[in-house]
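Residue numbers (the UniProt record's numbering): 1 to 290.
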């Protein structure tokens, strides 16, 4: 089975010597037969959304000092790296990835500890029930876009950080993951869509009367013969309910116990090395206000 990680570095387009970083990074991919403006979103659609890099890539605030994301997104999230929560830029204190995660595989989850609590945003709640199948959830993310007919066609530079949202139904569950399929025509939801490159780590969520609930974390594509964003593609989101106990343990532990509960691997992706990573991270970093 093919697992295509949503955030990819193409080694042929990585030119650190000239500070040029070429990354295919697209956001929510939409139906071809619906007006694109129907998919436009704002931070008010999901206030706990966190953005890591200037190409997108996301997480969710789940406690004032904690962000939940996909483990494959954390390569630059070292101590001192600025990330955006609501309107605030907050620095990373530490990262804690799921201990058995391997790049491109299941259990794609990580916790980010912030240097200070974010009090301007209400955190999302962890979904702890085991009834996700057939539920209709929302995705949100920034980057480029495209339609199910073409897949991704617009990169993050052209999109300039515009947020989009889409809905999709959970078609299957495993212990690790929630599965979604990008349907078309009569099988599709009104605002059917899927995430794409640059939406990694973003949420699959519900809004209820008592707030937002996080059910899944954008992880990877799991399809034969389908590229990211094409009709029929299968998307896997890491299942929050199955990992809630680990999340609770890490957040409640002291530093020594957290180290035993997690991995410190940076999960460097294609084209990344220990030598060129600082340059990559400088290119991707959100800039603090002077």
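Quick reminder that beta carbons are idealized off the backbone N, C-alpha and C, glycines included.
Residue 55 carries a coil assignment under DSSP once its states are collapsed to helix, strand and coil. Counting C-beta atoms within 10 angstroms of its own C-beta, residue 38 has fewer than 16 neighbours from the protein chains shown and is therefore classed as exposed.
The DSSP assignment places 56-63, 66-69, 82-85 and 88-97 as complete runs of the beta strand (DSSP E) inside the segment 53-112, in order along the chain (cut-off: 3 residues). Using a Cβ distance threshold of 7 angstroms, residue 141 and residue 28 count as a contacting pair. Counting along the chain, no beta strand (DSSP E) covers residue 279; the unbroken alpha helix (DSSP H) around it starts and ends at 277-284. Contact between the segment 71-84 and the segment 274-285 is present: three or more C-beta pairs spanning the two stretches fall below 8 angstroms. The Cβ atoms of residue 203 and residue 121 lie no closer than 7 angstroms to each other. Comparing alpha-carbon positions, the option among 242, 88 and 259 lying closest to residue 173 turns out to be 242. By the C-beta density criterion, residue 230 is buried, having at least 16 other C-beta atoms within 10 angstroms. For residue 246, the enclosing alpha helix (DSSP H) stretches over residues 240-252. CA-CA distance, residue 50 to residue 265, rounds to 21 angstroms.
Annotated three-state conformation of residue 41 is coil, per DSSP. Put simply, the backbone Cα of residue 244 is about 17 angstroms away from that of residue 257. Here residue 80 is exposed, its C-beta having fewer than 16 other C-beta atoms within 10 Å.
One Cα belongs to residue 34, the other to residue 191, and the distance between them is close to 8 angstroms.
Taking C-alpha positions only, residue 41 is separated from residue 254 by approximately 38 angstroms. By the Cβ neighbour-count rule, residue 70 is buried, with 16 or more other Cβ atoms within 10 Å of its own.
In summary, residue 100 is exposed, with fewer than 16 beta-carbon neighbours lying within 10 Å of its beta-carbon over all protein chains present.
Nearest C-alpha to residue 107 among 61, 218 and 89: 218.
The shortest CA-to-CA distance from residue 235 to any of 113, 171, 61 and 284 is the one to 171.
Taking C-beta atoms as the reference points, residue 32 and residue 149 count as a pair closer than 7 angstroms. Residue 117 sits exposed, since fewer than 16 C-beta atoms from the chains shown fall within 10 Å of its C-beta. Residue 36 carries a helical assignment under DSSP once its states are collapsed to helix, strand and coil. Non-local C-beta neighbours of residue 268 in its own chain, meaning closer than 6 angstroms and more than five positions away in sequence, comprise 75, ordered along the chain. With a beta-carbon spacing of about 6 angstroms, residue 189 and residue 136 fall inside the 8 angstroms limit used to define contacts.
Around the beta-carbon of residue 110, 16 or more other beta-carbon atoms lie within 10 Å, marking it buried. Bounds of the alpha helix (DSSP H) holding residue 258 are 255-261. By the beta-carbon neighbour count (other beta carbons within 10 angstroms, threshold 16), residue 273 is exposed.
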